[in-house]
Amino acid sequence: MRVDGTVASDDDGGRNDGGGNTDYGSAWARVKRRLRAELGEDVFASWFARLELEAVAGGTARLTVPTRFLKSWIESHYLDRVLNTFKAEVEEIARIEVGVRGTGAPVRPVAVGAAKAGPVSGPLARLHATSAPMPVAAVAPTPEARGAEAGGDLSGTPLDARLTFASFVIGRSNALAHAAAERVANHQGEGALYNPLYLHAGVGLGKTHLLHGIGHAAREAGRRVIYLTADRFMYGFVNALKTQSALAYKERLRGIDLLILDDVQFIQGKSIQAEFGHTINALIDAGRQVVVASDRPPTELEALDERVRSRLGGGLVVEITALDEALRVSILSARLAAVRAAHPGFDVSPQVAAYVARAITANGRDLEGAVNRLLAHATLTGTAVTMETAESAIRDLVKNREPKRIKIEDIQKLVASRYNVSRSDILSERRTAAVVKPRQIAMYLSKVLTLRSLPEIGRRFGGRDHTTVLHAVRKIEKQIGEDSVLGDEVELLKRMLQD
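Read in numbering that gives the first Met the number 0, the sequence shown has 402 at position 403, and its numbers run on one by one without any break.
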């Protein structure tokens with residue numbers, strides 16, 4: 000039986016239509032909701048957000064993901080959980096089969112537990128194209144990369160030829176990070192410099208650009224460089240374990256001059272986190288350079304072992320802060336100049352450019368998106384870009400990409416008011432049900448609506464330990480998945496805080 004393409008409904012009803020036909024789409028939506036509640040938002044977003052139900056036939060549920068790495072990871076770590084959760088919704092499910100979307104190749108069935116059903120024959124049908132952007136690490140591996148996975152030469156993720164130091168626009172918010180990156184890339188003396196160099200910033204502020212710039216400059220100087228995303232690092236290690244070449248993989252990884260690792264916050268799994276720590280230690284102890292980037296400082300990587308966090312924070316930690324208006328103007332001018340070179344008839348007045356730079360404050364990617372929209376207007380309509388057309392073109396970027404900065408104190412006050420308790424009650428040691436529930440909801444909202452770490456949130460709630468906050472977050476997540484009334488209540492609080 001084929002699954003309808005619109006399987007995103009969260010309706011709890013409809014397990015059976017009364018005529019013996021199971022509504023698999025609704026059942027799968029409930030499965031994903033339960034996984035989110037049981038595993039937490041971070042784990043769910045990393046591994047299950049792009050897992051889709053493709054078909055159910057003969058007691059086998061065929062699921063698809065966009066990358067081979069996700070397929071491998073889910074099969075290795077979560078297949079039993081997915082099967083058991085699905086069986087709780089639909090008893091006939093006896094086997095889970097995972098495939099990669101868009102390959103058009105037959106999928107090797109993976110039996111789980113005591114499943115007896117035979118493999119489903121025929122190729123896995125293609126799904127509709129996903130709107131989510133494909134990460135660099137999800138691109139099919141090159142022959143060199145496939146050799147790396149088997150213990151051969153390591154090539155890592157390809158560097159983007161556009162992302163060099165020459166194309167990086169320097170401003171007050173990133174000057175220190177740029178200077179440190181250039182110094183590390185061009186260092187020729189004995190040993191390493193600022194080891195490790197740790198860059199952290201929000202989305203679209205230039206940290207990945209600097210990592211690629213380091214890689215290009217170091218390779219031009221003749222150094223052996225590997226650039227890896229967290230996905231690629233995990234994929235290589237898991238595949239090396241499967242092919243029994245883990246020792247060769249680790250030895251080659253540790254035999255380089257410079258390791259660049261991006262998005263370290265996504266590294267998951269105890270064994271991979273342990274291997275990551277061992278690799279970092281081995282390289283640093285051997286005097287090899289390590290450069291790491293993340294969306295948060297090392298102290299806030301709660302998933303990593305404390306010793307690994309300490310080692311990452313033992314070098315030079317540099318934050319790239321929000322773009323000031325002068326830097327946004329420079330970035331926009333550089334982008335406009337590049338587009339104008341390819342489209343000589345395209346012109347944006349200084350007044351329009353100044354407006355765009357003032358209006359879009361989130362990150363550099365939004366500025367590039369704005370330029371692309373202005374270009375599309377000019378080329379498709381054949382008219383000049385005016386202030387009115389610019390306002391219309393970037394309206395959603397201005398409205399949707401500048402979320403309100405929410406303070407933990409505001410969350411505490413609102414929740415206290417909604418539940419008829421005082422803020423001092425929430426911060427106190429009182430453990431009555433009337434106080435514990437709003438306190439846990441406030442902790443949950445503080446985690447999902449702010450960038451504060453668990454230890455920092457604990458300190459803001461009367462000096463509590465981070466494990467108390469984690470327990471509260473997981474409890475509320477679980478209750479939201481089971482209680483639609485509470486879910487609606489929490490969503491209302493979110494909207495009130497964000498408006």
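By construction, the Cβ of each residue, glycine as well, lies at the ideal position given by its N, Cα and C atoms.
Item checked: R253 beta carbon less than 8 Å from that of T278 -> Their beta carbons are under 8 Å apart, which means T278 touches R253 by this criterion.
Item checked: Whole-number beta carbon distance between A369 and L396, since they are thought to touch under 8 Å -> 6 Å
Notebook entry, point to check: Leaving out five residues before and five after L389 in sequence, what residues of the same chain have Cβ atoms less than 7 Å from its Cβ?
Noted result: The sequence given here has Ala at residue 389, not Leu. The answer, listed in chain order, is V351, Y354, V355 and L373.
Margin query: Rounded to whole angstroms, what is the Cα-Cα separation between N83 and L34?
Written below: 11 Å
Notebook entry, point to check: In whole angstroms, what is the alpha-carbon distance linking M386 and R80?
Noted result: Whole-angstrom Cα-Cα distance: 54 Å.
Check: Of all the options G235, E408 and L492, which has the alpha carbon lying nearest to the alpha carbon of G457?
Finding: E408
Note to self: Within the continuous beta strand (DSSP E) that includes Y226, where are the two ends?
What the structure shows: V224 to T228
Item checked: Separation of G205 from V224, as counted between CA atoms -> 20 Å
Next item on the list: Give the single residue among D159, V489, V472 and H376 whose Cα lies nearest to the Cα of F345.
Entry: H376
Next item on the list: Going by DSSP, name the residue or residues bridged to Y418.
Entry: For Y418, which the question treats as bridged, DSSP gives no partner whatsoever.
Next item on the list: Could you spell out the range, first to last residue, of the beta strand (DSSP E) harbouring G98?
Entry: R94 to V99
Note to self: So if DSSP puts Q288 in a beta bridge, which residue, or which two residues, is it bridged to?
What the structure shows: L257
Checklist line | Residue range of the alpha helix (DSSP H) that includes Y23 | finding: Y23 to L38
Note to self: With H, G and I counted as helix, E and B as strand and the rest as coil, what does DSSP make of A165?
What the structure shows: Reduced to three states, the DSSP call for A165 is coil.
Next item on the list: Tell whether a beta-carbon distance below 8 Å holds between P195 and I283.
Entry: yes
Margin query: Quick check on the burial criterion: 16 or more other C-beta atoms within 10 angstroms. Buried or exposed for K31?
Written below: buried
Notebook entry, point to check: Is the region 227 to 246 close to the region 164 to 181, with three or more CB pairs under 8 Å?
Noted result: no
Next item on the list: Counting only the same chain and skipping the five closest in sequence on each side, list residues whose C-beta sits under 6 Å from that of R218.
Entry: V224
Item checked: Supposed close pair Y197, V316 - CB separation, criterion 8 Å -> 5 Å
Margin query: Only counting the same chain, and skipping five residues up and downstream in sequence, which positions put a Cβ closer than 8 Å to that of L496?
Written below: K403, I405, D409, I410, L413, L444 and L448
Notebook entry, point to check: What number of angstroms, rounded off, separates the C-alpha of A191 from the C-alpha of R287?
Noted result: 6 Å
Margin query: Let's see if you can read the secondary structure: which residues bound the alpha helix (DSSP H) around E301?
Written below: Note, E301: premise wrong, no alpha helix (DSSP H); not H, not E.
Checklist line | Best match in T163, V263, L492 and N238 for proximity to A216 [C-alpha to C-alpha] | finding: Between A216 and the set T163, V263, L492 and N238, the nearest pair of CA atoms involves T163.
Notebook entry, point to check: Since Y197 sits in a beta bridge, which residues does DSSP pair it with?
Noted result: V291 and V316
Margin query: Quick check: the Cα distance between D262 and D294, rounded to an integer number of angstroms?
Written below: The straight-line gap from Cα to Cα measures roughly 7 Å.
Check: So, Y226 versus T156, is the Cβ gap smaller than 8 Å?
Finding: yes
Checklist line | For R80, three-class secondary structure by DSSP | finding: helix
Next item on the list: Scan the region 170 to 196 and note each continuous alpha helix (DSSP H) run of 4 residues or more that stays entirely inside, going in chain order.
Entry: The DSSP assignment places 174 to 185 as complete runs of the alpha helix (DSSP H) inside the region 170 to 196, in order along the chain (cut-off: 4 residues).
Notebook entry, point to check: For L322, does the three-state DSSP call read helix, strand or coil?
Noted result: coil
Checklist line | Counterpart residues of S61 in DSSP-defined beta bridges | finding: Contrary to the premise, residue 61 reads as Arg rather than Ser in this sequence. Bridge partners of R61: A54 and E96.
Checklist line | Local conformation of T242 per DSSP, three classes | finding: coil
Note to self: When you compare the CB positions of V183 and V291, do they come within less than 8 Å of one another, or not?
What the structure shows: no
Note to self: Please state the DSSP three-state secondary structure of A392.
What the structure shows: helix
Check: In terms of alpha-carbon separation, which member of Q267, G58, A220 and H211 lies closest to I73?
Finding: Ranking Q267, G58, A220 and H211 by CA distance to the CA of I73 puts Q267 first.
Next item on the list: Pull up the distance between the alpha-carbon of A471 and that of H465, whole angstroms please.
Entry: 10 Å
Check: Beta carbon of R222, beta carbon of L257: below 8 Å?
Finding: yes
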